[in-house]
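If you use mature numbering (1 follows the signal peptide of the UniProt record, and there is no 0), the sequence shown corresponds to residues -19 to -1, 1 to 305, in order. Idealized CB from N, CA, C, for every residue including glycine.
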Amino acid sequence: MLRCGQMVLGVALVRIHLSADWVWTPETRDPTYLKIVQRFEERKQAPYSIHQVALMGASEGKEVGQWFGPNTVAQVLKKLVVYDKWSSLVIHVALDNTVVKEDILQQCSMHNDRGDSSTATDIAVTDWMPLLLIVPLRLGLSEINPVYVNGLKICFKSAQSIGVIGGKPNQALYLIGCVEDEVIYLDPHTTQRSGLVENKLTDEQKEMDCTYHCRFASRIPMLAMDPSVAVCFLCRTRSDFYELCNTIEKDLMKETQPLFEICEKRPSHWGPSTADIDLQNTSLFTGNVKRVTMYFKGNVRDETSVYNKLNMHRNCYYRFHDSQ
């Protein structure tokens, strides 16, 4: 599931900083593309490496090596992206199957003080931060309830959709589309050699870059999916967000059993917004950390021990999919 989270975030960054029509080739050495890939490399300094995803999971009560569900992955990515100056991205994780317009508009309209000189100009000067909206859902107890199938199709067909984090029971998959009653997916469970892409100058670095892509996708019936999923939408502009809201209100909400709801303001019983992340809970992500406090079976282990444990699970999997 950690790899599926990396995959959906990688696709979001490609669409924001390159375009939805951009296509990768083995010869690609686009500086922006390489900057995106470097954020996912298998090294602890990379903001979205498997190391940082696993470590930030501790703030969600997950030890290194424990299973992450779609909601946990979404919450971890939401915290990690705050620390990445260049990505220029806001991640909003919906609560209780409800998308609140007020919260999102406030989050995405904040002044972009995270950017640096390398941030794309059209993003740096806008009053809208690109939004990755993740809606965690439970579509049944042990299997998908058929009443939700059409709602899933509506989500996949949305212009803002970038897929679903989910899978089959005990097997995480990145679901990228649908054909009739089947979903198209990419499977990250492909063991590969770990390495760095860096500037993609050597044959080894070019080979490593290829491990971030796959040429083929597979299909499974929607009803064979695990009922725990997280649907993902990317809104690069404010108009994209309003278009998505219109799709939800006009199409999804008309379903007998909508996947989720959309409302203007927060329900009164929710309390204050949690858009401002508690930095105390995310303090284990810093560039200069000397010691990370992690708890494994009641014992405190230092950073070196944590990364040694991570290296035991350090297989490099496919993370991005090609748009061709």
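Listed in chain order, the alpha helix (DSSP H) runs fully inside the region 129 to 194 are 130 to 138, 184 to 191, counting runs of at least 4 residues. Per DSSP, the continuous beta strand (DSSP E) segment holding ALA211 begins and ends at 209 to 216. Here LEU182 is exposed, its C-beta having fewer than 16 other C-beta atoms within 10 Å. When DSSP reads this structure, CYS244 sits in a beta bridge with VAL81.
The criterion of a C-beta distance shorter than 8 Å is not satisfied by ILE125 and LEU240.
Annotated as distal: GLU224 and ASN78, with beta-carbon spacing of 8 Å or more. GLY147 is positioned such that its CB atom lies closer than 8 Å to that of ASP207.
Straight-line spacing of the CA atoms in GLY144 and ALA211 works out to 9 Å. Here DSSP, grouped into helix, strand and coil, assigns PRO239 to coil. For PRO12, the enclosing alpha helix (DSSP H) begins and ends at 12 to 19. According to the DSSP assignment, SER220 belongs to the alpha helix (DSSP H) that extends over 219 to 231. The Cβ atoms of LEU(-11) and LEU58 sit closer than 8 Å to each other. Assignment of SER199 by DSSP, reduced to helix, strand and coil, places it in the strand class. When Cβ pairs closer than 8 Å are counted between the two stretches, the region 110 to 120 is seen to touch the region 38 to 57, the count reaching three or more. Here PRO202 really is in contact with GLU163; their C-beta atoms are around 6 Å apart, less than 8 Å. At the C-beta level, ILE165 and ARG200 come within 8 Å of one another. In the DSSP assignment, ARG119 falls within the beta strand (DSSP E) that extends over 112 to 119. Taken through DSSP and simplified to helix, strand or coil, ILE72 comes out as strand.
As the crow flies, the alpha-carbon of CYS191 is around 7 Å from that of PRO7. The closest CA to that of TYR14, considering only ASN180, LEU215, ALA75, is found on ASN180.
Using a 10 angstroms sphere on the CB of ALA39, the tally of other CB atoms reaches 16 or more, which defines it as buried. LYS43 sits buried, since 16 or more C-beta atoms from the chains shown fall within 10 Å of its C-beta. A residue is called buried when at least 16 other Cβ atoms come within 10 angstroms of its Cβ; GLY252 does not meet this threshold and is exposed. Our two residues, CYS213 and GLN186, have alpha carbons roughly 31 Å apart in a direct line. In this chain, the alpha helix (DSSP H) harbouring ARG(-5) covers -18 to -3. Remark: C-beta atoms of SER30 and GLU23 approach each other more closely than 8 Å. Between SER142 and MET110, the C-beta gap is not smaller than 8 Å, which leaves the two residues out of contact. Using a 10 angstroms sphere on the CB of THR171, the tally of other CB atoms stays under 16, which defines it as exposed. Nearest Cα to ASP11 within the set ASP232, HIS250, VAL(-6): VAL(-6). Here ALA140 is exposed, its C-beta having fewer than 16 other C-beta atoms within 10 Å. Taking C-beta atoms under 8 Å as the contact rule, ILE135 and LEU233 qualify, at a distance of about 5 Å. Under the three-state reduction of DSSP, LYS59 is assigned to helix. By the Cβ-count criterion, VAL160 is exposed, with fewer than 16 other Cβ atoms from all chains shown falling within 10 Å of its own Cβ.
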